[in-house]
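Protein chains in written order, with our numbering: chain W, 1 to 421; chain Z, 422 to 578; chain E, 579 to 1341. The beta-carbon is built from N, C-alpha and C at its ideal position, and this holds for glycine as well. Since the model is a prediction, treat every value here as computed from it, not as a measurement. Take a look at the structure below.
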Amino acid sequence: MANEVIFHSIHQPESWKLANYLAVGGYDALKKVLAEKMTPEAIIEQVKLSALRGRGGAGFPTGLKWSFMPKNYPGDKYLVCNSDEGEPGTFKDRDIIRFNPHQLIEGMIIGGYTLGAKAGYNYIHGEIWEAYERFEEALDEARAAGLLGKNILGTGWDFDIHAHHGFGAYVCGEETALLESIEGKKGQPRFKPPFPASFGLYGKPTTINNTETLASIPYIVKHGGQKFLDLGKPNNGGTKIFSVSGHVENPGNFEIAMGTPFSELLAMAGGVKGGRKLKAVIPGGSSVPVVPAEIMMDLTMDYDSIAKAGSYLGAGSVIVMDDTVCMVRALERLSYFYFEESCGQCTPCREGTGWLYRVVHRIEHGQGRPEDMDLLESVAGNIMGRTICALGDAAAMPVQGMLKHFRHEFEHHIQHKKCMV
Amino acid sequence: MLSPESLKKIDREIAKYPSGQQQSAVMSALRIAQDEKGWLAPETIEFVAGYLGMPAIAAHEVATFYNMYDLQPVGKYKITVCTNLPCTLMGAESAVDYLHRKLGIGLGETTPDGKFTLKEGECMGACGDGPLALVNNKKICAKLTPEAIDAILAEME
Amino acid sequence: MLNIEIDGKPFTAEQGSTIMDVAEAAGIYIPRFCYHKKLSVAANCRMCLVQVEKAPKPMPACATPVAEGMKVMTRSEAAIKAQKAVMEFLLINHPLDCPICDQGGECELQDLAVGYGTGASRYAEEKRVVLNKYIGPLINTDMTRCIHCTRCVRFGQEIAGIMEMGQIGRGEHSEITTFVERSIGSELSGNAIDLCPVGALTSKPFRYSARAWELTSRPSVSPHDGLGANLTIQTKNNRVFRVLPRDNEEVNECWLSDKDRFAYEGLNSAERLQHPMIKRNGEWQECDWSEALEFVASGLKRARDEQGEEQIGALATPHATVEELYLLQKLVRGIGSGNVDFRLRQSDFRADASRQGAPWLGVAVADLNRLDRVLIVGSTLRADHPLLAHRLRQAVKRGGELSLINPVDDDLLCPVAHKAIVAPGAMVAALDQVRRALAGESSDEAGQAIAASLKAGERKAIFLGNLAQHYPRYAELHALAQQIAELAGAKFGFLGEAANSVGGYLAGAVPAEGGMTAAQMLDQPRKAYLLLGVEAELDTYNPAQALAALRSADLVVALSAYKHKALDYAHVMLPIAPFTETSGTFVNTEGRVQSFNAVVKPLGETRPAWKVLRVLGNLMELAGFDYDNAEQVRAEALAGDAAARLDNRLKAFGAKAAGESAGGLQRIGEVPSYQADAIVRRAPALQHAAAAGAAVAWMSGATLARAGVEADADVVVSQGGGSAMLKAKCDDTLPAGCVRVAAGHPATAMLGGMLDEITVGRA
């Protein structure tokens, strides 16, 4: 079942070309929707049945999200694809765009049809310019083939997609920051409510989905929601692309069934690099709490299993760390990242991320004080849940996870002014 | 202020958005302006703002919010190295050290001849290929071993 | 209506209101910094976090909509914990420089830190330092103190109508600034000082001069424009130190124009006249009041007895109080002359005979925000009426349409639906096109567009601005506005130029049958003049003519708060109190009667003008001058229903069109905002503000060519025998054949009519 839904042609030459996508049944789902004049309700029904959950990290059921869009809204509506992939450890959307852009485009067109959107925007992470260019080329191909733009497949229905290029701001991965950014502003998240489904891009109803989520849609429409669900496990339908980085022999993306044991995924990535001992794994991107090796090896890769271990599947971004890693040093770098990427809007995040970083930095550099442990927990706790968007939580959770599982390393740093690893 | 080619590119970006929403093109317009001028001087930002009919300070907010814009002159080749955790686990520190030795500059510095600038970057979303560098905001260079770095630098003339 | 509970008490709330809205209405204080009732909700400071039953995390009261059955706890342990945590974050990078901070004692952060802060900081790292920014002569910055609430930024975007400040950078490195430290140009900029909850933005003129708790606050009313913004004036040691807004939702809301706020510096000017003075043998000599008043009374008697009472004329500034204007006209009429007027910059008085009441705004000020359709004729709107312009911008933001017939195309900071930018001489014709279109006659494109706009909508109005009121064919504009209003079902009115543009009429300070208007008194020089707060070369329509008339008089009595040009032509100068040193009344442009008391004692030998005029009445042995206090004067002046005396309609006005100029260059002589009255023109900080502008000769490129001059070159402009050397500047939005040269400005004070012909030549 590996590479079943999205990466089916990833090893074919020029898999990103329209002709090659068509050769493997690409755009069949769109043709089916239009030929059968499927109702939006019917499509949403299949998406709900598939148990597809948002692949951007939050895991919100996609079918339910789509059902929030007002149906009879008189003005314009928008569909936005979130390819602003900047969470450390996450790199799946880049490969979807690079190797299978048309499946994303097809998913977006079906989404636009289902949601009654006037246009779609794909917000692409700033640093992956080559992916942005490839996506633009794919859009041109689709337009030239009558699959996109005016009068799609002769049905008289118009829907266009445009690429919006980010320029280096992690917070724009947050959906309302991303909308602000498309509007040509700083990427500062909006307070919700109102939610994008009622007040989104340009103040119009808008649905925002992750790249992988939208790229899964053609499969669901073509084969039915049940088949997608059956690929994974209940409430965790489908395959999922896991991005494995860090101390493994073969880092990369692996599209596997939801619920696959972590040990199998690790083996696919060639195991721990150099045959060293696994120390810990950050299973869902840098924002989620770290999980020690002994717990991780017993988990399966799905939303529910990882959540039970006190962490999150996130976007399926697995950062593997061997026994040479100093957890204080690791947290210092992550804390610097959130300090650097805080948008500056909410007081707790703007002021607190710098505080966290500076304290961890001191500990790492032999300047720790005994009271720093409590201080870190307290400051992290005071950021958690107090900000407009989840970046505050994302800055707090790594601190909380590290202190929970590797407190002794921090204490050692503070007492001995040096690392125990 | 900007070349006809740049303005044409900006116009193409403006056309992506609904009429009256030309401010949506500011990120691309600043990127295009930076590609032409090398960096974003205040007058360049003001020109872009005027072209899009938005307040200069709003364009300045954008130019200072997204970290791939350069508000100061940079070298002909800007090499941004990701030092975030996955890249560090995969050898970013050695890559930075090697670049430092080869170019004689540290992160945040430019060679005296104005050829190279080294910058510290945040996650580029390609961690599987780490350690990573991004050249002139466009080209991702993967798996930065000393040999790979030598090859990249050899291409830069 | 929804039922909710806050702190255990039940409340009903409207759908869509926030927890903060309900709490505010109920008098429950929730701490906040970024929230402001007049600005959009940012929800960024997080100080207003409260506990909401069943919510997993604390919610910001300012942004959380209420829902049926919601239970809110603003003071629970969880709420207080969240609020205290936010306070700690706010303080870690805030300097502990309260002892040297101008905001000390009136600082929202300081006040709340008392309740929510702790004695010592847990933050042991290096604090952030932010370089200060230069943003102009009015606002001082101490940016390390900034807590990033963005009230100032939102104020610019949402109220001032122009985004001049922004927050650049991100995260902890975010900084509030203007674009590359440019000066703020908005005429409403000072409000950012009030909005700033900390000492990051403070008043530059006030800086380091006093502590908040040393100041005495007294209510007053602004004399600077027709709105009569409500003021709190702060004084110490009998001196005005600061002016702040006093909330009045129906007048100025919580805002002030920069003119209202910073003009007070002129009250403390070194040019203040502090002693009565008599000119003897060409020398000015200080004297005591009785000597000066005797001199005036005997001079007036001599003029009356020797030259005839019609040789006596009285001119008053429209910024004078109702009491002063009333007693001036009573004095002059008591002497037997009907020559009294306060409309110094008006040049066309043909409508006087057809007037049915005092011309006024025609609608309530507070209703401006809700207009659907507006036509403005002849106005430098933002400069002349900063807060009315703000209200009209809000109307446009609500979906209203604003159209314009104007000689200048200044940025109104809001979309203008239709406009005809025409020479002053073509305003009548342009307005007539609108009338024609509404009457179903053939008309031009602009006329049709404006007419179509006015036909739609429910609430609509036509306003004549200062340029229209000064224009030599004002009466025709007035009559046309009336006809258009009738045709379109709109209100029509006048944007009052000065504090008592309406009050002057109610006080009777205008000539009746047989009396002379301001223009007539200066065109046909009188032997004796009484000047109340008048600086003839700056305050009249035709300074050259005014100065000539005054110089030829046998007696010029100048009642003034300042020593000024009258030293050249007056024979006696009497120091009178500015509005801060006397009680008085202004009737604003909507007819609102606003009385006020002195906030400080008169400076030196200065006396309130109403008292001076009362004594003069006594010395002239006139009946009815035995007042004990200003209230008695006011009661007499405004007897009856003031509102009933407001009426814009003309009866049977059929004036023939006045002749047009013979094709020479036409001057557009507007009065710069910060030169408009005696106090503001002596306020140094405002004179350096971007909105002050410079006296230059603006012309379109074509007009520059026609005049044979080049942009940025020095040119000589001449009118009425006077000439001035100015810089020529190009402004292609100006109509052809027009030269925009400010009036009321020292650099142009020797020129002639504000909207008359002008010649331009090489220097």
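Please report whether the beta-carbon of residue i lies at a distance below 8 Å from any beta-carbon of chain Z.
i                       : result
residue 732 of chain E  : no
residue 1271 of chain E : no
Determine the DSSP secondary structure at residue i, reduced to helix, strand or coil.
i                       : result
residue 1277 of chain E : strand
residue 319 of chain W  : strand
residue 1160 of chain E : coil
residue 102 of chain W  : helix
residue 378 of chain W  : helix
residue 744 of chain E  : strand
residue 523 of chain Z  : helix
residue 996 of chain E  : strand
residue 932 of chain E  : helix
residue 486 of chain Z  : helix
residue 1284 of chain E : helix
residue 829 of chain E  : coil
residue 7 of chain W    : coil
residue 348 of chain W  : helix
residue 1251 of chain E : helix
residue 972 of chain E  : helix
Can you tell me where the beta strand (DSSP E) with residue i in it begins and where it stops?
i                       : result
residue 808 of chain E  : 808-814
residue 1297 of chain E : 1292-1297
residue 498 of chain Z  : 498-503
residue 1316 of chain E : 1316-1318
residue 781 of chain E  : 779-781
residue 582 of chain E  : 580-584
residue 754 of chain E  : 753-756
Would you please verify whether the beta carbon of residue i is less than 8 Å from any beta carbon of chain E?
i                      : result
residue 345 of chain W : yes
residue 353 of chain W : yes
residue 386 of chain W : yes
residue 425 of chain Z : no
residue 205 of chain W : no
residue 450 of chain Z : no
residue 465 of chain Z : no
Return the bridge partner residues of residue i from the DSSP annotation.
i                       : result
residue 121 of chain W  : W:80, W:162
residue 1126 of chain E : Its beta-bridge partners do not exist; DSSP assigns none.
residue 862 of chain E  : E:857
residue 951 of chain E  : E:979, E:1038
residue 241 of chain W  : W:255
residue 208 of chain W  : W:80
residue 540 of chain Z  : Z:501
residue 1107 of chain E : E:891, E:1134
What span of residues does the alpha helix (DSSP H) with residue i cover, start to end?
i                       : result
residue 305 of chain W  : 303-308
residue 1306 of chain E : Segment 1300-1308 is the beta strand (DSSP E) holding residue 1306 of chain E; no alpha helix (DSSP H) there.
residue 279 of chain W  : Element bounds for residue 279 of chain W: not the alpha helix (DSSP H) but the beta strand (DSSP E), 278-282.
residue 398 of chain W  : 391-416
residue 562 of chain Z  : Residue 562 of chain Z -> not in any alpha helix (DSSP H); beta strand (DSSP E) instead, spanning 560-562.
residue 180 of chain W  : 175-182
residue 332 of chain W  : 327-341
Could you tell me whether the Cβ of residue i comes closer than 8 Å to any Cβ of chain W?
i                      : result
residue 577 of chain Z : no
Between the segment 220-253 of chain W and chain Z, which residues of the former have a C-beta closer than 8 Å to a C-beta of the latter? 243, 244, 245, 246, 247, 251, 252, 253
Chain-ordered residues of the segment 492-514 of chain Z with a beta carbon less than 9 Å from chain W: 501, 503, 504, 505, 506, 507, 508, 509, 510, 511
Residues of the segment 657-687 of chain E in Cβ contact with chain W at a cutoff of 8 Å, in chain order, please. 660, 663, 664, 666, 667, 668, 670, 671
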